[in-house]
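Worksheet: one structure, shown below.
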Amino acid sequence: MTPYRKALIALTLATMVAYAVLIGLGSRYLFLGSEGLRPFDLRILGYTYADATTYIALLTPDQAALYVGPLRMLDTVFPILFGLWMGWLQWGITRNIHPWSRVIMLIAPAGFVMMDLAENALIAEMVQTTADTLSEELVLRASSYTISKYVTLAGALLALAALGVRWLRTRPFPARAR
Numbered sequence: 011m012t013p014y015r016k017a018l019i020a021l022t023l024a025t026m027v028a029y030a031v032l033i034g035l036g037s038r039y040l041f042l043g044s045e046g047l048r049p050f051d052l053r054i055l056g057y058t059y060a061d062a063t064t065y066i067a068l069l070t071p072d073q074a075a076l077y078v079g080p081l082r083m084l085d086t087v088f089p090i091l092f093g094l095w096m097g098w099l100q101w102g103i104t105r106n107i108h109p110w111s112r113v114i115m116l117i118a119p120a121g122f123v124m125m126d127l128a129e130n131a132l133i134a135e136m137v138q139t140t141a142d143t144l145s146e147e148l149v150l151r152a153s154s155y156t157i158s159k160y161v162t163l164a165g166a167l168l169a170l171a172a173l174g175v176r177w178l179r180t181r182p183f184p185a186r187a188r
């Protein structure tokens, strides 16, 4: 097995474990109210000021501490791992493409990582306020980063899928024995 493949397997496992723990803890402790309001990070279409104040009003101090403590640390590690995984996989399936083009294509996974980390910082700031002191400007900015995170993720995954199809079409497969 090549060093590239070993590293890809290790990175895949680390990313999957981080995601499973993040989603497991988040879904257990941060879906709030009788409606099961989702944490801000999981709202693909963003959220309004009213959504944010409702969610923050329902957060207990322990839940807020979990959100900005261990879960935030995990949500810092996960996007970095996932971005590295997308970039590493993309690098491996584009070996026959010009090196500068390969580097430029890494912008999509890097963009996802940057949007997610910025979103996390803004959400932490929101969670550390109260529903009464939360500013509409902060909510709008955080929500726009949440949406941007999902847009850049979709772009990165679509690019990866297109490159994967290209790789499958151009890769020389061994002839089958009859």
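Residue numbers for the sequence shown follow the numbering used here, so the first one is 11 and each next one is one higher.
Even glycine gets a Cβ: it sits at the ideal position worked out from N, Cα and C.
A quick note: this is a predicted structure, and the numbers were derived from the prediction, not measured.
query: Between the stretch 84–103 and the stretch 40–50, do at least 3 Cβ pairs fall closer than 8 angstroms?
result: Segment contact: the stretch 84–103 against the stretch 40–50, fewer than three CB-CB distances shorter than 8 angstroms; contact not assigned.
- prompt: At what residues does the alpha helix (DSSP H) containing residue 80 begin and finish?
  reply: Boundaries of the alpha helix (DSSP H) around residue 80: 80–103.
query: For the alpha helix (DSSP H) that residue 58 lies in, which residues bound it at each end?
result: Premise fails: residue 58 is in no alpha helix (DSSP H) and is neither H nor E.
field: Given residue 136 as reference, the closest of 34, 69, 54 and 166 once Cα atoms are compared
entry: Answer by Cα proximity: 69.
task: Let me know the secondary structure DSSP gives residue 40 once reduced to three states.
output: For residue 40, the secondary structure class from DSSP, reduced to helix, strand or coil, is coil.
task: Just mark residue 36 as buried or exposed, buried being the case when its beta carbon has 16 or more other beta carbons within 10 Å.
output: Residue 36 is buried by the Cβ-count criterion.
- prompt: Between the stretch 123–134 and the stretch 148–162, do three or more beta carbon pairs fall short of 8 angstroms?
  reply: Using a Cβ-Cβ distance cut-off of 8 angstroms, the stretch 123–134 and the stretch 148–162 are in contact, since at least three pairs of beta carbons, one from each stretch, lie closer than that value.
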